[in-house]
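Right, one structure below, let's go through it.
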C-alpha cells in the first residue's frame with residue numbers, strides 16, 4: 001500500500017475506533033450502577049485478549065510476511081462488528097430520566113470535569129508513543145525479540161493482576177488519590193526508561209509500574225467518569 005493510503009486508513013480507523021470505545025464503556029457501566037469498582041474485573045479480559053493475540057500473531061508473523069497482518073485482523077474486526085448488534089444498556093438505563101442538552105452543558109461547566117478531561121488527554125499522549133515505539137526503542141538498545149516479548153508480558157501480566165485485585169482498593173481510596181499515585185508512578189517509569197534503557201532489571205521494574213501508571217489510574221478514572229456523568233449522561237462522557 002502507498003504510504004499516503006496507509007496514513008489515511010490509519011486516521012480513519014483511529015477516528016471511528018476512538019468513538020466506539022467510550023460508548024462501549026458507557027454501556028458496560030450502565031450494567032453496574034453504583035458498583036463501578038467492578039468494572040476492572042470485566043476490563044481485565046481485554047488485557048488477556050491483548051496478550052493472547054500478541055503471542056499468537058507474533059508466532060504467525062515469524063513464518064508469514066507482515067503484509068498478511070490486515071487479512072489476519074479482518075475476521076476479528078468482523079466478529080466485533082457482529083457482536084456489537086447484541087449490545088444494549090443496562091435495565092435501569094431505559095427507566096432513567098431523559099437527558100437534555102441543558103444537562104450536558106451543566107456537566108461540562110464544572111471545572112473538575114474539564115480538569116479530568118485534560119488529565120486523561122495528557123495521559124493518553126504519554127502512552128501513545130509507548131504503545132507505538134516501545135519495541136523499536138528496546139531493539140535499538142540491543143534487546144532480543146525474546147526479551148522484548150518478555151518485557152511486554154511483564155507489563156500486561158501486572159496489569160491483569162491489578163485489574164483482578166483492585167476492586168477493594170477502589171472502595172478504600174478516593175479516585176483522586178489513585179490517579180495521583182498513577183501519575184507519580186508514570187513519571188518515574190518514563191524517566192527510568194529514558195535514562196537507563198540499557199539496564200535490564202530497571203526496565204523490568206519500569207514495566208511493573210504499569211500496575212499504577214495504567215491499571216490503577218484507568219480503573220480510578222472510570223469511577224470518576226461514572227460520578228461526573230451518571231445515568232444517561234454517561235454516553236456524553
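Numbering (the UniProt record's numbering), first residue to last: 1 to 237.
Note that CB positions come from ideal geometry on N, CA and C, so glycine has one too.
As the structure is a prediction and not an experimental result, all values here were calculated from the model.
The alpha helix (DSSP H) that contains residue 227, what's its start and end?
Counting along the chain, the alpha helix (DSSP H) containing residue 227 begins and ends at 217-228.
Do you know whose CA, among 211, 49, 27, lies nearest residue 39's CA?
Selected option, being the one with the closest Cα: 27.
Pairs of beta-carbons, one from the segment 103-113 and one from the segment 37-56, closer than 8 Å: are there three or more?
no
Between 190, 220, 201, 164, which has its C-alpha nearest residue 174's C-alpha?
220
Are the segment 128-141 and the segment 223-231 touching by the rule of at least three beta carbon pairs closer than 8 Å?
The segment 128-141 and the segment 223-231 do not touch, with fewer than 3 CB-CB distances between them shorter than 8 Å.
What would DSSP say about residue 130, mapped onto helix, strand or coil?
Helix, per DSSP.
Is the CB-CB distance between residue 206 and residue 223 below 8 Å?
no
Taking the straight line between their C-alpha atoms, what separation do you get for residue 81 and residue 114?
Distance between the alpha carbons of residue 81 and residue 114: 32 Å.
Determine the burial state of residue 85: buried for a count of at least 16 other Cβ atoms within 10 Å of its Cβ, exposed for fewer.
exposed
May I ask which residues mark the beginning and end of the alpha helix (DSSP H) holding residue 171?
Element bounds for residue 171: 167-172.
Hey, would you say residue 144 sits closer than 8 Å to residue 185, going by beta carbons?
no
How long is the line joining the alpha carbons of residue 217 and residue 129, rounded to whole angstroms?
Take the alpha-carbon of residue 217 and the one of residue 129: they are about 18 Å apart.
Please return the same chain residues whose Cβ sits closer than 6 Å to the Cβ of residue 123, not counting the five positions on each side in sequence.
Nothing listed; no residue qualifies.
Taking only three categories from DSSP, how would you classify residue 85?
Residue state, collapsed to three classes: coil.
Would the beta-carbon of residue 41 fall within 8 Å of that of residue 164?
Residue 41 places its beta carbon less than 8 Å from that of residue 164.
How would you label residue 67, buried or exposed, when you count the other beta carbons within 10 angstroms and need 16 or more for buried?
So residue 67 counts as exposed.
Expressed to the nearest angstrom, what Euclidean distance is found between the alpha-carbon atoms of residue 244 and residue 125?
No answer is possible for residue 244: it lies beyond the span of the chain, which begins at 1 and ends at 237.
Alpha carbon to alpha carbon, how far is residue 202 from residue 159?
18 Å
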